[in-house]
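Before any comments, here is the structure.
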Amino acid sequence: MANALYGKGRGHFLDADIDWSGGDIKLLLYDASQSPDIDVDEHCNKDTIPDADRVTNGLSGNFAGKSSTLGVADADDVVLTAVSGDEVVGFVIALDGGEGLVSQSGVLDFLIADIDTATGLPVTPNDGDITIAWDAGANKIFKL
Amino acid sequence: MAEIYVPKIKQVTIKRDDLYVLIVIEDRKVLDLPWDAALQLAKAITIQAKRIEEDVKHSQIIADQALLMRSGAPFGITNNPDIIAEAKKEAVGNTFLRKNVSGKGIGGPILGTPTVVRHRKI
Chain A
38 MANALYGKGR
48 GHFLDADIDW
58 SGGDIKLLLY
68 DASQSPDIDV
78 DEHCNKDTIP
88 DADRVTNGLS
98 GNFAGKSSTL
108 GVADADDVVL
118 TAVSGDEVVG
128 FVIALDGGEG
138 LVSQSGVLDF
148 LIADIDTATG
158 LPVTPNDGDI
168 TIAWDAGANK
178 IFKL
Chain B
183 MAEIYVPKIK
193 QVTIKRDDLY
203 VLIVIEDRKV
213 LDLPWDAALQ
223 LAKAITIQAK
233 RIEEDVKHSQ
243 IIADQALLMR
253 SGAPFGITNN
263 PDIIAEAKKE
273 AVGNTFLRKN
283 VSGKGIGGPI
293 LGTPTVVRHR
303 KI
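Following this line, the structure appears as C-alpha cells:
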C-alpha cells in the first residue's frame, strides 16, 4: 500500500471531530503483523492495532509545533526513545481523544493517516532512538 | 558544422566494414564512421527526431500527460515545460477527464514522504 489518509478519519475532519492544531496528535509504530484497512479502520485502539502488532516504546508523545496553513498539516519531527521489538514496517498518525491510543475498544481516538512508505522503512529497532523527520516538501505530513 | 548533402537519394544502405559503419548510397560510400562515433551520431539523430515527433504529436502528448496528471500517476511522458503547462490546464478543465477520472492527482489529499532515522543505542 502507499501512504494514505484513513477514509473515516477524513470524515472526522469534515465533522470537526479532529482538530489538528488544537488536539493531541500522536503516532504509533507497527510491525508486519498489522494490515491497515484504510476505508474500514476508524479508532486507534487495541482492537484495531493489537499489542502484538505494536512495537515497544513505539507510541510517541503529543506532536509539537503543529500547523495547518492552507490545509497542509505539519509538526516538529518526532523522536521515539529506546525503541525495541519487531521490525517496524509503518506507523499510524492518530488523534488522542482521551484514551491515549491504548484502550482496548475505545472510540475516542481517531486514526488519521497510515504511513508505510518512508525513507528508512522498514527499520529494525536496536533499543536506540528513532526519529521521524517529516517531509520538507510542499506536502509536509499531509495535505487535505 | 559539417553538412552532408545527398541529392536524389534512391537507395541508402548502412552496413559494417570491420570496425567502421558505412553509409552507402547507390553502391557509393559516402560516410564511414568508427563504431563509437556512429553510436553518438545515431543518438543525436534520435534526439532530434524525438523533438520533432514531440512537436508534431503535441496534441496527443498533452492529452496523455493530462490523463496521467489527473489519475495521479507519479511520472510523466515529457519534460517540455510548455506541454506540461498545457497538460495541467487540460487535467483541471477537460470535461471528459473531469467526468471519468477521479482526480487523485488534482484535488485529493496528498501525503509527504517522511524519513525514519534509527539512532545508535547510547
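Line by line, the protein sequences are chains A and B. Just so we're aligned, residue 38 is where the first sequence starts under our numbering, counting upward by one. Just so we're aligned, residue 183 is where the second sequence starts under our numbering, counting upward by one. We put the beta carbon where it would ideally sit given N, CA and C, even for glycine.
Own chain, CB closer than 7 angstroms to residue i, minus 5 neighbours either side, in chain order
i, result
"alanine 39(A)", "Thr154"
"leucine 215(B)", "Tyr202, Val203 and Leu223"
"asparagine 262(B)", "Glu236"
"leucine 96(A)", "Lys63, Leu65 and Leu138"
"aspartate 90(A)", "Tyr67, Asp68, Ser70 and Gln71"
"alanine 273(B)", "Ala248, Met251, Arg252, Leu279 and Ile288"
"leucine 42(A)", "Ile149, Ala150 and Phe179"
Alpha-carbon to alpha-carbon, residue j and residue i
i, j, result
"glycine 239(A)", "aspartate 113(A)", "In the structure displayed, chain A extends from 38 to 181; residue 239(A) sits before or after that span and is not available."
"tryptophan 183(A)", "alanine 269(B)", "Nothing about residue 183(A) can be read from this structure; chain A reaches only from 38 to 181."
"serine 105(A)", "leucine 158(A)", "26 angstroms"
"valine 144(A)", "phenylalanine 278(B)", "42 angstroms"
"proline 162(A)", "aspartate 123(A)", "7 angstroms"
"isoleucine 205(B)", "threonine 156(A)", "51 angstroms"
"aspartate 133(A)", "alanine 226(B)", "60 angstroms"
"glutamine 242(B)", "aspartate 172(A)", "35 angstroms"
"isoleucine 265(B)", "asparagine 94(A)", "50 angstroms"
"glutamine 193(B)", "valine 212(B)", "12 angstroms"
Residues that residue i bridges to, as DSSP identifies them
i, result
"arginine 210(B)", "Ile207(B)"
"tyrosine 67(A)", "Arg91(A) and Gly127(A)"
"aspartate 198(B)", "In the sequence as displayed, the identity of residue 198(B) is arginine instead of aspartate. Partner(s): Val203(B)."
"histidine 301(B)", "Paired residues: none, contrary to the question."
"serine 121(A)", "Thr93(A)"
Nonlocal neighbours in the same chain, by C-beta distance under 6 angstroms from residue i, ignoring five residues either side
i, result
"glycine 46(A)", "Phe147, Leu148 and Ile149"
"cysteine 81(A)", "Ala131, Leu138, Asp146 and Leu148"
Supposed close pair residue i, residue j - CB separation, criterion 8 angstroms
i, j, result
"lysine 83(A)", "serine 121(A)", "Not a contact, Cβ separation roughly 19 angstroms."
"valine 125(A)", "leucine 66(A)", "5 angstroms"
"isoleucine 167(A)", "histidine 301(B)", "7 angstroms"
"glycine 294(B)", "glycine 108(A)", "With a Cβ gap of about 13 angstroms, glycine 294(B) and glycine 108(A) do not count as contacting."
"alanine 110(A)", "isoleucine 178(A)", "5 angstroms"
"alanine 170(A)", "threonine 297(B)", "4 angstroms"
Counted within 10 angstroms of its Cβ, other Cβ atoms place residue i as buried (16 or more) or exposed
i, result
"lysine 271(B)", "exposed"
"threonine 228(B)", "exposed"
"alanine 101(A)", "exposed"
"arginine 233(B)", "exposed"
"isoleucine 196(B)", "exposed"
"glutamine 247(B)", "buried"
"phenylalanine 257(B)", "exposed"
"glycine 127(A)", "buried"
"proline 73(A)", "buried"
"leucine 51(A)", "exposed"
"valine 129(A)", "buried"
"valine 283(B)", "buried"
"aspartate 78(A)", "buried"
8 angstroms CB neighbourhood of residue i in its chain, flanking five on each side removed
i, result
"tryptophan 217(B)", "Leu201, Tyr202 and Val203"
"valine 160(A)", "Glu124, Val125 and Ile167"
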